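Asks: After the structure tokens below, expect a handful of questions from me.
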DNA sequence: TTCCATGTTCCGCA
DNA sequence: TTGCGGAACATGGA
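Residue numbers (our numbering): 7 to 269.
Rendered as structure tokens:
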């Protein structure tokens with residue numbers, strides 16, 4: 007689930023449930039999920055703190071702990087949050103459990119343990135240290151900047167879109183959708199595109215991410231989107247041609263061979 | 001049982 | 001130097 011739009015949804019969820027409540031207890035239920043700092047450090051920063059706000063950047067979510075720095079959340083392929091009040095049992099796959107003074111809880115879930123929890127003194131510094139580029143929906147990523155970066159890049163479009171050091175937020179699913187809406191084949195190279203095609207790619211990226219982010223990542227209602235028609239035997243929502251898949255940069259990408267020509 | 005999966009990272013190779 | 005394929009990580013579900 008968690009690409010940029012999903013993390014926007016996660017931010018909304020955290021903001022609407024968990025802010026300004028004193029953290030009375032934190033439990034890491036599997037140490038392996040904490041990366042880049044010690045479990046003790048994470049406990050120390052969280053205990054007694056309040057989350058006063060959040061910042062979403064690409065696939066990252068940062069929770070402001072005020073004087074205690076920031077809690078860094080990354081969701082990997084199967085991460086999510088669950089807030090619940092009272093004395094319910096924590097959901098399955100809870101890797102971190104935060105208890106609030108009022109008795110409510112915030113659980114960080116990760117089925118496959120591919121997510122990451124950490125602490126940071128400053129989000130931007132953390133992003134820089136981890137070689138994460140600007141958020142793909144931020145004002146920083148203008149058409150001109152996008153076109154410039156892409157035309158300097160060699161190799162296929164799809165891995166370029168998924169490269170978090172260029173622009174952060176797109177993963178396998180959304181890169182498929184962006185290429186579909188731009189009418190471009192995933193194996194095309196940026197260097198083969200003219201400016202108007204790159205502009206179209208940029209517009210598709212922004213449109214797709216914006217629409218999906220508004221839904222908090224729940225794009226199941228977008229029947230015309232390719233990603234709701236990924237899979238063997240499925241057909242293109244635009245022209246009815248059977249969709250195809252290719253392996254590219256270690257991932258399986260889906261596309262319409264009619265709408266997304268190589269030339 | 002085998003393969004695949006919305007993520008990242010590391011290695012070897014071209 | 002850059003980008004890619006493949007493996008690794010870890011685990012569940014089809």
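All residues carry an ideal CB built from backbone N, CA and C; glycine is no exception.
Values in this document were obtained by computation on a predicted structure and should not be read as measured data.
Span of the beta strand (DSSP E) holding residue 184?
Replies: Residue numbering aside, residue 184 sits at position 178 when the first chain is read from its first letter. No beta strand (DSSP E) holds residue 184; the alpha helix (DSSP H) holding it covers 178-188.
Asks: So, helix, strand or coil for residue 149, using DSSP?
Replies: Within the first chain, numbered from 1, the residue matching residue 149 stands at position 143. Of the three classes helix, strand and coil, the one that applies to residue 149 here is helix, per DSSP.
Asks: Identify the continuous beta strand (DSSP E) that holds residue 73 and give its terminal residues.
Replies: For the purposes of this step, residue 73 is identified with residue 67 of the first chain, where counting begins at 1. Premise fails: residue 73 is in no beta strand (DSSP E) and is neither H nor E.
Asks: Just tell me which of 259, 163 and 223 has its CA closest to the CA of residue 197.
Replies: Locating residue 197 in the first chain gives position 191, where the first residue counts as 1. Answer by Cα proximity: 163.
Asks: Using the Cβ count rule (16 or more neighbours within 10 Å means buried), how would you classify residue 17?
Replies: Taking the first residue of the first chain as position 1, residue 17 is located at position 11. It counts as buried.
Asks: In this structure, does DSSP put residue 33 in helix, strand or coil?
Replies: Within the first chain, numbered from 1, the residue matching residue 33 stands at position 27. Strand at residue 33.
Asks: Name the two residues that bound the continuous alpha helix (DSSP H) containing residue 18.
Replies: Taking the first chain and counting its residues from 1, one reaches residue 18 at position 12. Where residue 18 is concerned, the enclosing alpha helix (DSSP H) stretches over 10-24.
Asks: Assign residue 271 to one of three DSSP states: helix, strand, or coil.
Replies: As displayed, the chain neither begins before 7 nor continues past 269, which places residue 271 out of reach and without an answer.
Asks: Alpha carbon to alpha carbon, what distance is there between residue 125 and residue 55?
Replies: To locate residue 55, count along the first chain from 1; it is residue 49. To locate residue 125, count along the first chain from 1; it is residue 119. Roughly 13 Å between the two C-alpha positions.
Asks: Using a Cβ distance threshold of 8 Å, determine whether the stretch 181-190 contacts the stretch 148-156, with at least three qualifying pairs required.
Replies: Contact between the stretch 181-190 and the stretch 148-156 is absent, because fewer than three Cβ pairs lie under 8 Å.
Asks: Measuring straight from C-alpha to C-alpha, what distance separates residue 142 and residue 43?
Replies: Translated into positions along the first chain, residue 142 becomes position 136. Translated into positions along the first chain, residue 43 becomes position 37. If you take the alpha carbons of residue 142 and residue 43, they lie about 27 Å apart.
Asks: As a quick exercise: from 246, 171, 254 and 212, pick the residue whose alpha carbon is nearest that of residue 191.
Replies: As a position in the first chain, residue 191 is number 185, starting the count at 1. That would be 254, whose Cα lies nearest to the Cα of residue 191.
Asks: Identify, in the order they occur along the chain, each residue of the same chain with its Cβ nearer than 6 Å to the Cβ of residue 101, setting aside the five sequence neighbours on each side.
Replies: As a working mapping, residue 101 is identified with position 95 in the first chain. These residues qualify, in order along the chain: 35, 36, 39, 114 and 116.
Asks: Is it the case that the Cβ atoms of residue 103 and residue 77 are separated by a distance below 8 Å?
Replies: Along the first chain, one-based indexing puts residue 103 at 97. Along the first chain, one-based indexing puts residue 77 at 71. No, the Cβ-Cβ distance between residue 103 and residue 77 is not below 8 Å.
Asks: Looking at the unbroken beta strand (DSSP E) that takes in residue 50, where does it start and where does it end?
Replies: Position 44 of the first chain, counted from the start, is the residue given in the question as residue 50. Looking at the DSSP string, residue 50 is not in any beta strand (DSSP E); the run it does join, the alpha helix (DSSP H), is 45-52.
Asks: Assuming residue 210 and residue 188 make a contact with CB atoms under 8 Å, what is their CB distance in whole Å?
Replies: Position 204 of the first chain, counted from the start, is the residue given in the question as residue 210. Position 182 of the first chain, counted from the start, is the residue given in the question as residue 188. Right, their Cβ atoms sit about 4 Å apart.
Asks: Should residue 86 be labelled buried (16 or more other beta-carbon atoms within 10 Å of its own) or exposed?
Replies: By 1-based counting over the first chain, the position of residue 86 is 80. Buried, because 16 or more other Cβ atoms sit within 10 Å of the Cβ of residue 86.
Asks: Can the beta-carbon of residue 174 be found less than 8 Å from the beta-carbon of residue 214?
Replies: Your numbering for residue 174 matches position 168 in the first chain. Your numbering for residue 214 matches position 208 in the first chain. Taking 8 Å as the Cβ cut-off, residue 174 and residue 214 do not qualify as a contacting pair.
Asks: Among the residues of its own chain, which have a CB less than 6 Å from the CB of residue 105, if the five just before and after it don't count?
Replies: Residue numbering aside, residue 105 sits at position 99 when the first chain is read from its first letter. Taken in chain order, the residues that qualify are 30, 31 and 111.
Asks: Rounded to a whole number of angstroms, what is the C-alpha to C-alpha distance between residue 1 and residue 177?
Replies: Lying before the first or after the last residue shown, residue 1 is absent from the chain, which here runs from 7 to 269.
Asks: In three-state terms, what does DSSP make of residue 157?
Replies: The residue given as residue 157 occupies position 151 in the first chain. Residue 157: helix per DSSP, three-state reduction.
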